[in-house]
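Q:
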Amino acid sequence: MRPTAARFRSTSVLTALLAVSLAAPTLTACGGGSGSDPDTVKISFKQSTDNSIHVMDDYLAGIKKQFEKENPGKKVELVPIKAPDSEYYTKLQQMLRSPKTAPDLVYEDTFLINSDITSGYLKPLDPYLAKWKDWDQFIDTAKAAAKAEDGKTYGVPDGTDTRGLWFDKGIFEKAGLPTDWQPKTWDDVLAAARTVKEKVPGVTPLNVYTGKPAGEAATMQGFEMLLYGTGDGTSDPLYDKASKKWVAGGQGFKDALGFVHTVYQEKLGTDVSQALDPNIQTIVRGELLPKGKLAIDLDGSWLPQDWLQGSGHEWPEWSKELGLAYMPTQHGQAPGKVSMSGGWTWSIPAKAGNPDLAFKFIQTMQTKANAQKWYIANSGIAVRRDVASDPAYVKAQPGIKFFTDLVSSTHYRPAYPAYPKVSTAIQEAMESVTTGDASVDKAASDYDEALKAATDNQVVQK
Amino acid sequence: MSDPRRSLARALPVAPAVVLLLLFLAGPIAYCAYIAFTDLQLTGQAHSSFVGFANFRTAFGDEAFLNAVWLTLVFTVVSSLVGQNTLGLALAALMQRASKPVRTLTGGVVITAWVLPEVVAGFLLYAFFRKEGTLNAILDALHLPSQNWLYTLPILAVSFANVWRGTAFSMLVYSAALNEIPKEITEAAEVDGAGGPSRLWHITLPMIRRSIGTNLMLNTLQTLSVFGLIWVMTRGGPGNKSQTLPLFMYEQAFQNSMIGYGTAVALLLLLVGSVFSVMYMRLLRTEV
Numbered sequence: 006m007r008p009t010a011a012r013f014r015s016t017s018v019l020t021a022l023l024a025v026s027l028a029a030p031t032l033t034a035c036g037g038g039s040g041s042d043p044d045t046v047k048i049s050f051k052q053s054t055d056n057s058i059h060v061m062d063d064y065l066a067g068i069k070k071q072f073e074k075e076n077p078g079k080k081v082e083l084v085p086i087k088a089p090d091s092e093y094y095t096k097l098q099q100m101l102r103s104p105k106t107a108p109d110l111v112y113e114d115t116f117l118i119n120s121d122i123t124s125g126y127l128k129p130l131d132p133y134l135a136k137w138k139d140w141d142q143f144i145d146t147a148k149a150a151a152k153a154e155d156g157k158t159y160g161v162p163d164g165t166d167t168r169g170l171w172f173d174k175g176i177f178e179k180a181g182l183p184t185d186w187q188p189k190t191w192d193d194v195l196a197a198a199r200t201v202k203e204k205v206p207g208v209t210p211l212n213v214y215t216g217k218p219a220g221e222a223a224t225m226q227g228f229e230m231l232l233y234g235t236g237d238g239t240s241d242p243l244y245d246k247a248s249k250k251w252v253a254g255g256q257g258f259k260d261a262l263g264f265v266h267t268v269y270q271e272k273l274g275t276d277v278s279q280a281l282d283p284n285i286q287t288i289v290r291g292e293l294l295p296k297g298k299l300a301i302d303l304d305g306s307w308l309p310q311d312w313l314q315g316s317g318h319e320w321p322e323w324s325k326e327l328g329l330a331y332m333p334t335q336h337g338q339a340p341g342k343v344s345m346s347g348g349w350t351w352s353i354p355a356k357a358g359n360p361d362l363a364f365k366f367i368q369t370m371q372t373k374a375n376a377q378k379w380y381i382a383n384s385g386i387a388v389r390r391d392v393a394s395d396p397a398y399v400k401a402q403p404g405i406k407f408f409t410d411l412v413s414s415t416h417y418r419p420a421y422p423a424y425p426k427v428s429t430a431i432q433e434a435m436e437s438v439t440t441g442d443a444s445v446d447k448a449a450s451d452y453d454e455a456l457k458a459a460t461d462n463q464v465v466q467k
Numbered sequence: 101m102s103d104p105r106r107s108l109a110r111a112l113p114v115a116p117a118v119v120l121l122l123l124f125l126a127g128p129i130a131y132c133a134y135i136a137f138t139d140l141q142l143t144g145q146a147h148s149s150f151v152g153f154a155n156f157r158t159a160f161g162d163e164a165f166l167n168a169v170w171l172t173l174v175f176t177v178v179s180s181l182v183g184q185n186t187l188g189l190a191l192a193a194l195m196q197r198a199s200k201p202v203r204t205l206t207g208g209v210v211i212t213a214w215v216l217p218e219v220v221a222g223f224l225l226y227a228f229f230r231k232e233g234t235l236n237a238i239l240d241a242l243h244l245p246s247q248n249w250l251y252t253l254p255i256l257a258v259s260f261a262n263v264w265r266g267t268a269f270s271m272l273v274y275s276a277a278l279n280e281i282p283k284e285i286t287e288a289a290e291v292d293g294a295g296g297p298s299r300l301w302h303i304t305l306p307m308i309r310r311s312i313g314t315n316l317m318l319n320t321l322q323t324l325s326v327f328g329l330i331w332v333m334t335r336g337g338p339g340n341k342s343q344t345l346p347l348f349m350y351e352q353a354f355q356n357s358m359i360g361y362g363t364a365v366a367l368l369l370l371l372v373g374s375v376f377s378v379m380y381m382r383l384l385r386t387e388v
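If you're matching them up, the sequences are chains A and B in order. Each number in our numbering comes from the position in the first sequence (counting from 1) with 5 added on. Each number in our numbering comes from the position in the second sequence (counting from 1) with 100 added on.
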């Protein structure tokens, strides 16, 4: 009996030990938050899912070196999150929920920043900004990008973007269209696309992103570039600031949907199944445009970042082969051109362990020289006056002047907490007219219904 | 009957495992069940609150949810019940009679599909079905009209993918079961003049009924929770034509940030799974 009992006991002790030793690292691993080391600043950013693209990684590695040299004893730890946009937001939000996982500095899309502010994930930066001289160099619209409804500022923008029409001069020549093309109305755009379809077979005449697979690109590069060109150009066609309600039943909304409908029903766009491929953006930037298979592309200012030296898909000839045109308003009414702007900011999580050090890192990134380096590296549009007026920046890349000039007349999204859901509703409406599943009127009334659900009935009829 | 100290000592070795299970399995499940009754959002909300059955009421009034339930049933019946199960049984029966090289080769190919990670399998079948893909290349070579199922019949395409990937499992289960049938019984039936179909119906199927039940249950539960395969091939699209419950749940919880609603949908998925399980268990108990 005795030996059995002894063996019995020793096994149980062993099991217990084993269990504890297995569990211990798991449990303590959760405990290593950003607050654990006061000399290390942890920085999270979005790493491209394309392995050959490492613009941001390289830039941050350079700043890290400079920062560690200027601040002896302090360390920078880069925590890249490799994910597509929508999954990046999700992962980041999960990290921000707990002080154990929250980094000290995060890269936030202005698309979601208001939503994250409402959740209490971010820290107001006003006390820091008040003592920071360079803040005065930022243009007002950019300062407002990360300003919440409570009047406080929660992020330092590292640039913005604008949008317009890219067109292939080679295809235009073949179609007998001018290579200094500048449409004045939507009909001019459609007319050019129809000419291409007729005269240059085998190429896609016009790309307008659409549907849920393209995500926010469909809403912003596609739909809003149309929507904000309807009406009188002064009031926001999506959100009524006075009543703080979302706009339903607008004629502009139907007209914009009608444009999308025309593009896909007349087969001026990419094949519907390709338009609804989740990889459509990569296909447009990596294949269709560089290979001369797309005549007109309604897209963002950042496209050349994929084609720069060292970016993985070099195409230095783009500036000779592509032309740029403003996106016109619907009937050519004032102000004549439309652009949308978004952009990203650097923000400090509310649960960050080392906020002071994190702000110091922002300052290092935002010396004029470093800011300029970043704008040029990622084809960003400057929001700092000193950079925007620097000839070195203006000349750094063809097209940069075209897109920087748009900053004065651009629109920002009503990026309130409900915006992501409204955006999904827009994508659904676009998708149903793209596939032809619904008429424009049906899609618009479905949107009105979805809008009520997305915004808790905060809707006004216009 | 038992000395309490001794039974305590006996329970001791199991204790760590029980604690770990409680902590890492029961804990999260209980937390999930709690979240399903709140309006917790990942972003855009200062405080979450308890909302009772509101999430469930929303679900049943949501066309997209009902669409997802319907597609989940179609996907499960077509790919698991009809596809994997029947095909697996047929393969197992055929392989019993095949020569050894044929058996090794077929078994190898079928099991390769099973061993592949879900995402790899999904990508392979995306490449197979897409417009510029392998299937159309073959159809073109045969001068047959080309297909675009990922776009026109997405639920069929992903069902086929699941059959392709999961048949090996049924085949293995049935191979083992068929080997267990004593030769004498089959031979006796043959002597009595029973033909092939009649032997299958009166001998084989009744004798492997238990395996059928187990296999159906495992297959169904696995198919109900398929996410990666569909996500890679169609992302639930176009529109929501291939959006089964797991994809719907993911969209609500992580893309629309409505964690509470997404979790409620997850609980409902659990319910669908248990309905199937109870059905199969009934089937087993009454028949054997």
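For every residue, glycine included, the Cβ atom is placed at its ideal position computed from N, Cα and C.
Taking DSSP as the reference, what is the three-state secondary structure of Leu224/B?
A: Locating residue 224/B in the second sequence gives position 124, where the first residue counts as 1. Helix, per DSSP.
Q: Helix or strand or just coil, what does DSSP make of His147/B?
A: As a working mapping, residue 147/B is identified with position 47 in the second sequence. Of the three classes helix, strand and coil, the one that applies to His147/B here is coil, per DSSP.
Q: Output yes if chain A places a C-beta closer than 8 Å to the C-beta of Leu345/B; else output no.
A: In the second sequence, residue 345/B corresponds to position 245, counting from 1. Output row for Leu345/B: interface = no.
Q: Which one or two residues does DSSP pair with Met332/A in a beta bridge?
A: Locating residue 332/A in the first sequence gives position 327, where the first residue counts as 1. Val343/A, per the DSSP bridge assignment.
Q: Just by C-beta distance, which residues in the region 112-126 of chain A are closer than 7 Å to chain B?
A: Those residues of the region 112-126 of chain A that come within reach of chain B (Cβ to Cβ, closer than 7 Å) are Leu117, Ser120, Asp121, Thr123, Ser124 and Gly125.
Q: Would Lys356/A count as contacting chain E if we go by Cβ distances under 8 Å?
A: Annotation note: the requested chain E is absent from the structure, which comprises protein chains A and B.
Q: How would you write the range of the alpha helix (DSSP H) that Phe160/B sits in, first residue to last?
A: The count along the second sequence starts at 1 and reaches residue 160/B at position 60. Run containing Phe160/B: Ala154 to Phe160, per the alpha helix (DSSP H) assignment.
Q: Would you check if the distance between the CB atom of Ser346/A and the CB atom of Ser414/A is smaller than 8 Å?
A: Locating residue 346/A in the first sequence gives position 341, counting from the first residue. Locating residue 414/A in the first sequence gives position 409, counting from the first residue. Result no, Cβ atoms of Ser346/A and Ser414/A do not sit closer than 8 Å.
Q: List, from N- to C-terminal side, the beta strand (DSSP E) runs of 3 residues or more that fit wholly inside the region 265-324 of chain A.
A: List check, beta strand (DSSP E) in window: 299-305.
Q: Only counting runs of 4 or more residues, tell me where the alpha helix (DSSP H) segments fall wholly within the region 178-225 of chain B, in order along the chain.
A: You should have 187-197 and 200-215.
Q: Flag Lys231/B as yes if its beta-carbon sits less than 8 Å from any beta-carbon of chain A, otherwise no.
A: In the second sequence, residue 231/B corresponds to position 131, counting from 1. Yes, because at least one Cβ of chain A sits closer than 8 Å to the Cβ of Lys231/B.
Q: Let's test the definition: count the other Cβ atoms within 10 Å of the Cβ of Leu121/B and tell me whether it reaches 16, buried, or not, exposed.
A: As a working note, residue 121/B is residue 21 in the second sequence. By the 10 Å Cβ count, Leu121/B comes out exposed.
Q: Quick one, are the C-beta atoms of Ala136/B and Gly373/B less than 8 Å apart?
A: By one-based count along the second sequence, residue 136/B stands at place 36. By one-based count along the second sequence, residue 373/B stands at place 273. No, Cβ-Cβ distance for Ala136/B and Gly373/B is not below 8 Å.
Q: State the CB to CB distance for the pair Gly339/B and Asp442/A, rounded to an integer number of angstroms; the pair is presumed to be in contact (CB under 8 Å).
A: What you label residue 339/B is simply residue 239 of the second sequence in a count that begins at 1. What you label residue 442/A is simply residue 437 of the first sequence in a count that begins at 1. With a Cβ gap of about 7 Å, Gly339/B and Asp442/A count as contacting.
Q: Report the option in Pro113/B, Gly183/B, Arg309/B and Tyr251/B whose CA atom is closest to the CA atom of Arg265/B.
A: Here residue 265/B is taken as the residue at index 165 of the second sequence, counted from 1. Out of Pro113/B, Gly183/B, Arg309/B and Tyr251/B, Gly183/B has the C-alpha closest to the C-alpha of Arg265/B.
Q: Decide if the region 187-203 of chain A is in contact with the region 402-418 of chain A; the criterion is three or more beta carbon pairs, one per stretch, under 8 Å apart.
A: Because the criterion of three Cβ pairs below 8 Å is not met, the region 187-203 of chain A and the region 402-418 of chain A do not touch.
Q: What first and last residue would you give for the beta strand (DSSP E) that runs through Val388/A?
A: Residue mapping note: residue 388/A aligns to position 383 of the first sequence, counting from 1. Here Val388/A belongs to no beta strand (DSSP E), and DSSP marks it neither H nor E.
Q: Anything in the region 155-173 of chain B with a Cβ closer than 8 Å to a Cβ of chain A? List those residues in chain order, please.
A: The residues in question: there are none.
Q: In chain A, which residues lie with their C-beta within 9 Å of the C-beta of Pro217/B?
A: Against the second sequence, residue 217/B aligns to sequence position 117. Those within 9 Å of Pro217/B in chain A number zero; the least Cβ separation is about 18 Å.
Q: Answer with buried or exposed for Ala111/B, where buried requires no fewer than 16 other C-beta atoms within 10 angstroms of its C-beta.
A: What you label residue 111/B is simply residue 11 of the second sequence in a count that begins at 1. Exposed, by the Cβ-count rule.
Q: Out of Thr334/A, Leu110/A and Ala222/A, point me to the one whose CA is closest to Asn284/A's CA.
A: Looking up residue 284/A in the first sequence gives position 279. Checking every option, the nearest Cα to that of Asn284/A belongs to Ala222/A.
Q: Sorted by chain position, which residues of the same chain lie with C-beta nearer than 8 Å to Gly160/A's C-beta, five sequence neighbours on each side aside?
A: Translated into the one-based positions of the first sequence, residue 160/A becomes position 155. The answer, listed in chain order, is Glu113, Thr115, Ile118, Leu127, Leu130, Ala150, Ala151, Thr350, Trp351 and Ser352.
Q: Can you give me the C-alpha to C-alpha distance between Glu351/B and Gly336/B, rounded to a whole angstrom?
A: Working through the second sequence from its first residue, we reach residue 351/B at position 251. Working through the second sequence from its first residue, we reach residue 336/B at position 236. The alpha-carbon atoms of Glu351/B and Gly336/B are separated by roughly 10 Å.
Q: In chain order, which continuous runs of the alpha helix (DSSP H) of length 4 or greater are located wholly inside the region 191-236 of chain A?
A: Listed in chain order, the complete alpha helix (DSSP H) runs (minimum 4 residues) inside the region 191-236 of chain A are 191-204 and 216-219.
Q: Here's the rule: buried if 16 or more other CB atoms are within 10 angstroms of the residue's CB, otherwise exposed. What is Lys400/A?
A: Working through the first sequence from its first residue, we reach residue 400/A at position 395. The residue in question, Lys400/A, is exposed, as its Cβ has fewer than 16 Cβ neighbours within 10 Å.
Q: Rounding to the nearest angstrom, what Cα-Cα distance links Val151/B and Arg157/B in this structure?
A: Translated into positions along the second sequence, residue 151/B becomes position 51. Translated into positions along the second sequence, residue 157/B becomes position 57. About 11 Å.
Q: Please list, in chain order, the chain A residues whose beta carbon lies closer than 9 Å to that of Gly339/B.
A: Residue 339/B sits at position 239 when you count from the first residue of the second sequence. Here the neighbours are Gly216, Lys217, Leu281, Glu433, Glu436, Ser437, Thr440 and Asp442.
Q: Out of Val201/A, Arg390/A, Lys87/A and Ala376/A, state which residue places its alpha-carbon closest to the alpha-carbon of Asp141/A.
A: As a working mapping, residue 141/A is identified with position 136 in the first sequence. If we check each option's Cα against that of Asp141/A, Arg390/A comes out closest.
Q: Quick one, are the C-beta atoms of Ile330/B and Val258/B less than 8 Å apart?
A: Taking the first residue of the second sequence as position 1, residue 330/B is located at position 230. Taking the first residue of the second sequence as position 1, residue 258/B is located at position 158. Contact: yes.
Q: Do three or more CB pairs link the region 298-314 of chain A to the region 207-227 of chain A at distances below 8 Å?
A: Yes, since at least three Cβ pairs between the region 298-314 of chain A and the region 207-227 of chain A fall closer than 8 Å, the two stretches touch.
Q: Exposed or buried, which one is Phe269/B when buried takes at least 16 other CB atoms within 10 Å?
A: Along the second sequence, one-based indexing puts residue 269/B at 169. That one is buried.
Q: Assuming Thr429/A is part of the alpha helix (DSSP H), what are its boundary residues?
A: The count along the first sequence starts at 1 and reaches residue 429/A at position 424. Here the alpha helix (DSSP H) through Thr429/A covers Tyr424 to Thr440.
Q: Mark Arg323/B as exposed unless 16 or more other C-beta atoms lie within 10 angstroms of its C-beta, in which case mark it buried.
A: To locate residue 323/B, count along the second sequence from 1; it is residue 223. A quick correction: the sequence has Thr, not Arg, at residue 323/B. Thr323/B is buried by the Cβ-count criterion.
Q: Could you pull out every residue in the same chain whose Cβ sits closer than 6 Å to the Cβ of Leu371/B, ignoring the five residues on either side in sequence?
A: In the second sequence, the residue the question calls residue 371/B occupies position 271. The answer is none, since no qualifying residue turns up.
Q: How about Gly317/A and Asp55/A: do their beta carbons lie closer than 8 Å?
A: Working through the first sequence from its first residue, we reach residue 317/A at position 312. Working through the first sequence from its first residue, we reach residue 55/A at position 50. Their beta carbons are under 8 Å apart, which means Gly317/A touches Asp55/A by this criterion.
Q: What residues of chain A sit near Arg335/B, judged by a beta carbon separation below 9 Å?
A: As a working mapping, residue 335/B is identified with position 235 in the second sequence. In chain order: Lys217, Pro218 and Pro283.
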